[in-house]
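Residues in the first sequence are numbered from 4 upward in steps of one, following the numbering used here. Positions of the beta carbon are idealized from the N, C-alpha and C atoms, including for glycine. What you are looking at is a predicted structure, and each value in this text was computed from that prediction instead of being measured. Input: a single structure, listed below in structure tokens.
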Amino acid sequence: MSKEQGARSKEQESVLTDFGLNSEQLLAATTEAQNTLVLAGAGTGKTRTIVARIAHLVTSGTDPRRIVALTFTRASAQEMAGRVSSLVGHRSTGLQSTTFHAWAMRLIRSHPEAFGYDGWTVIDGDDQKSLMGIVRGRRKAGDFPPASRLLSAFSYSRNAAVPLRNAIGTHLREYEDDVEAIVEAAHTYARLKKERKYLDYDDILVILADALEFRSDIADWLGYNIDHLLIDEMQDTNPLQWRIIDRLINRVSIFAVGDDAQSIYGFRGADFESIHSFDTRVPDTVVVRLEENYRSTQEILDVSNWLLARSPLEYNKHLRAARGSGVRPQMREFENKYLEAAWIADDISAQHDEGLFWRDHLALVRTNFGGRTLEGCLLDRKIPYRYLGGTKLLESAHIRDVLAALRVAANPRDDLAWMRLLCLLPRVGEVTASNAIAKILAALDSGASATEARSEGAPMLGADLLACLTALEHHQEKVASAIRTAVEALRPLLENKYAKQNWEARRRDYEPLIALAQGQPSIGEFISEYLINPVFVSKVDKQEDDDAVTIATVHSAKGLEATRAYAVDVSPGRYPWVKADDDNEAEEERRVLYVALTRAKDYLAITRSSARSNYTENDTLAEAYFLKDLPDGLVELVVDPDAPPAQLPFTGSAPQPANLGFDA
DNA sequence: AGGCGCACTTTTTTT
DNA sequence: AAGTGCGCCT
4 MSKEQGARSK EQESVLTDFG LNSEQLLAAT TEAQNTLVLA GAGTGKTRTI VARIAHLVTS
64 GTDPRRIVAL TFTRASAQEM AGRVSSLVGH RSTGLQSTTF HAWAMRLIRS HPEAFGYDGW
124 TVIDGDDQKS LMGIVRGRRK AGDFPPASRL LSAFSYSRNA AVPLRNAIGT HLREYEDDVE
184 AIVEAAHTYA RLKKERKYLD YDDILVILAD ALEFRSDIAD WLGYNIDHLL IDEMQDTNPL
244 QWRIIDRLIN RVSIFAVGDD AQSIYGFRGA DFESIHSFDT RVPDTVVVRL EENYRSTQEI
304 LDVSNWLLAR SPLEYNKHLR AARGSGVRPQ MREFENKYLE AAWIADDISA QHDEGLFWRD
364 HLALVRTNFG GRTLEGCLLD RKIPYRYLGG TKLLESAHIR DVLAALRVAA NPRDDLAWMR
424 LLCLLPRVGE VTASNAIAKI LAALDSGASA TEARSEGAPM LGADLLACLT ALEHHQEKVA
484 SAIRTAVEAL RPLLENKYAK QNWEARRRDY EPLIALAQGQ PSIGEFISEY LINPVFVSKV
544 DKQEDDDAVT IATVHSAKGL EATRAYAVDV SPGRYPWVKA DDDNEAEEER RVLYVALTRA
604 KDYLAITRSS ARSNYTENDT LAEAYFLKDL PDGLVELVVD PDAPPAQLPF TGSAPQPANL
664 GFDA
């Protein structure tokens, strides 16, 4: 035994030595502690340390199938698995590297007898909104909160483990007279979900958390099957996720990595204080700090450090650049957002000519909407890009239309899918569709077959579509070819619906969709897999092409880095976001900007445009603006380098340069 | 009454 | 890109 251990430790020593860890990283990666918290500032080798930890575990004899590594996105899960396997090869086969939601869903699906959710469907945000629309009924916007706000209040209550009434109080303040009606809406929504066997995103975590809390047999079973739980981005873990972790303490060894200064998911109930109390909540924890930054030059860190130091909160973060000195970041000001985007695109293009790869460039935007102009510029110049945080393929309208046909074939009681499908037909709107759906459900209740119910309740589908649905019903297991069938049958309707909305671009999404569905066991599993692990529309047509510029929302850019980073539209009203109205929210905004700035390795451009007059003229926003007192020495200020500004201010919206044809 | 086209606004952040 | 409001049409 001791001989074997000796051999193993030599092997792992060589694996990790070649990996070039510093002493703290090595300490963390090889710790024998029951539980570990690694406090790792931006760029200090957080991912590298987790990867090394997993490599250490599998080379010292842990079965990789008994290791669960939880990350925040599908991308980082894959990245992590890839890096582990390049380090230790096949010895990591079976490692579970996944997101909280995907892990929970897999457990629920693969053990229907234990959890009891066999045949339930995962629904996305749009379906949630439709369902809540049913709950709201015809109440007017002023009288009752819109569906989206109800949903976010309810979701916050569940994720933050805050009583429903409190969440309503904070999220729906202006409806305080209607609290009782809102509470009732929450219960009705939950009931409708249950009747239809729908699971929303939160349900997935709640089911696992409840199972672990109330069924000690399940907690024991999970504990027996897992030795090591590794959690990335611990600072973004919310109370609901903590409930899951809590039940595994003392059953498995927990290894968490996080940075309080990068906590940006407060809106989902994450509280970065929980990272400070980690070692009291999780007994026998060893804390390791990583403070040396290997990513960026000192100039980039100087700006980032300055930003954080200005916070009233005490982060105690001062990143040191192991790489030393480089180029000063630039602050670039433009007349309007079109010139801003055009400059970024041109600069990327020029750098590519100089020999950099497209993938060396990362543009960080605050909102999904905020990347649109830049996206247009890149398209215009034929620069390959991927858009993280853009529209998800399975959530785009033209895809959902097609999937609706498969959904009603699989489950004739799926009324949200029925609504979507029937409304594609000419002369059919919400009212006609709901009458038809009521008839279909009544027919099913009285024992009719699905085929009978369909032709009885919805004769307006016509013979062809009715036959198509019957065919889909009988070939449910062939998801890919079912989608092809549905696309063909619906083509005239789709073409009509999207005639004025980019039909030519939309139609190209169907082939990749079919490719994605290849080998999926059922429509339900296909949908839940790709909702929980999304594929983005922008990525669809260039799957081979991994040399591409990345546009990403800061929230989807966690863990990313690039030689050249562009923080886009860092203007008053954006950082902090206009609607961040209390200090906590504003401080979270500061961390968002901090995450953005610390993505850059060699070059950082902070860009903004002066044309948002309603913001720059607003004293409150200008006063709150994070960069208002940025010392001159920290950045090089460049004003409108390519096109000197016309005399501002504008009174209306910014005029669009006629020669830039990218705003289509 | 219900559907539909048109003009209008309005976009936080994610699973 | 998608929701909302309004007036017109069947």
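Between which two residues does the alpha helix (DSSP H) containing residue i stretch?
{"i": "residue 132", "result": "128-139"}
{"i": "residue 480", "result": "That residue, residue 480, is in no alpha helix (DSSP H); it is neither H nor E in DSSP."}
{"i": "residue 552", "result": "First-last for residue 552: 552-556, but that is the beta strand (DSSP E), not the alpha helix (DSSP H)."}
{"i": "residue 405", "result": "400-413"}
{"i": "residue 444", "result": "433-448"}
{"i": "residue 549", "result": "Looking at the DSSP string, residue 549 is not in any alpha helix (DSSP H), and its letter there is neither H nor E."}
{"i": "residue 143", "result": "Element bounds for residue 143: n/a, residue is neither H nor E."}
{"i": "residue 338", "result": "No alpha helix (DSSP H) holds residue 338; DSSP gives it neither H nor E."}
{"i": "residue 222", "result": "219-228"}
{"i": "residue 518", "result": "513-520"}
{"i": "residue 381", "result": "375-383"}
So for residue i, helix, strand or coil by DSSP?
{"i": "residue 35", "result": "coil"}
{"i": "residue 388", "result": "strand"}
{"i": "residue 420", "result": "helix"}
{"i": "residue 100", "result": "strand"}
{"i": "residue 582", "result": "coil"}
{"i": "residue 183", "result": "helix"}
{"i": "residue 660", "result": "Note on residue 660: pLDDT 34, under 50, position unreliable in the model; the coordinate value appears next. In this structure, residue 660 counts as coil in the three-state DSSP scheme."}
{"i": "residue 427", "result": "coil"}
{"i": "residue 73", "result": "strand"}
{"i": "residue 47", "result": "coil"}
{"i": "residue 197", "result": "helix"}
{"i": "residue 503", "result": "coil"}
{"i": "residue 394", "result": "coil"}
{"i": "residue 54", "result": "helix"}
{"i": "residue 360", "result": "coil"}
{"i": "residue 22", "result": "coil"}
{"i": "residue 668", "result": "Because the chain in this structure spans residues 4 to 667, residue 668 falls outside the shown range and cannot be described."}
{"i": "residue 452", "result": "coil"}
{"i": "residue 595", "result": "helix"}
{"i": "residue 681", "result": "No information on residue 681 is available, as it lies outside the stretch 4 to 667 that the chain covers here."}
{"i": "residue 577", "result": "coil"}
{"i": "residue 243", "result": "helix"}
Check for me: the beta strand (DSSP E) holding residue i runs from which residue to which?
{"i": "residue 364", "result": "364-368"}
{"i": "residue 258", "result": "256-261"}
{"i": "residue 87", "result": "Counting along the chain, residue 87 falls outside any beta strand (DSSP E), though it belongs to the alpha helix (DSSP H) covering 77-91."}
{"i": "residue 604", "result": "603-612"}
{"i": "residue 233", "result": "231-234"}
{"i": "residue 566", "result": "565-570"}
On the DSSP bridge list, what partners appear for residue i?
{"i": "residue 290", "result": "40"}
{"i": "residue 333", "result": "608, 639"}
{"i": "residue 323", "result": "295"}
{"i": "residue 202", "result": "125"}
{"i": "residue 539", "result": "395"}
{"i": "residue 1", "result": "Given that the chain is displayed from residue 4 to residue 667, the structure contains no residue 1 and the question cannot be resolved."}
Could you tell me if residue i is buried or exposed, where buried requires 16 or more neighbouring beta carbons within 10 angstroms of its beta carbon?
{"i": "residue 546", "result": "Confidence is the limiting factor: at residue 546 the pLDDT is only 46, short of 50, which leaves the residue's position unreliable, though a coordinate-based value still follows. Exposed is the call here."}
{"i": "residue 465", "result": "exposed"}
{"i": "residue 417", "result": "buried"}
{"i": "residue 594", "result": "buried"}
{"i": "residue 330", "result": "exposed"}
{"i": "residue 67", "result": "buried"}
{"i": "residue 339", "result": "buried"}
{"i": "residue 628", "result": "buried"}
{"i": "residue 291", "result": "buried"}
{"i": "residue 197", "result": "exposed"}
{"i": "residue 141", "result": "exposed"}
{"i": "residue 655", "result": "Residue placement at residue 655 is poorly supported in this model, since its pLDDT is 33, which falls under 50; the coordinates still yield a value, given next. Its Cβ having fewer than 16 others within 10 Å, residue 655 is exposed."}
{"i": "residue 502", "result": "exposed"}
{"i": "residue 521", "result": "exposed"}
{"i": "residue 587", "result": "exposed"}
{"i": "residue 223", "result": "exposed"}
{"i": "residue 619", "result": "Because the pLDDT at residue 619 is just 47, under 50, the model does not fix this residue reliably, and the value given afterwards should be weighed accordingly. It counts as buried."}
{"i": "residue 279", "result": "exposed"}
> In the stretch 267-313, which residue ranges form an unbroken alpha helix (DSSP H) of at least 4 residues, counting only runs that do not cross its ends?
Replying inline: 276-279, 281-284, 301-312
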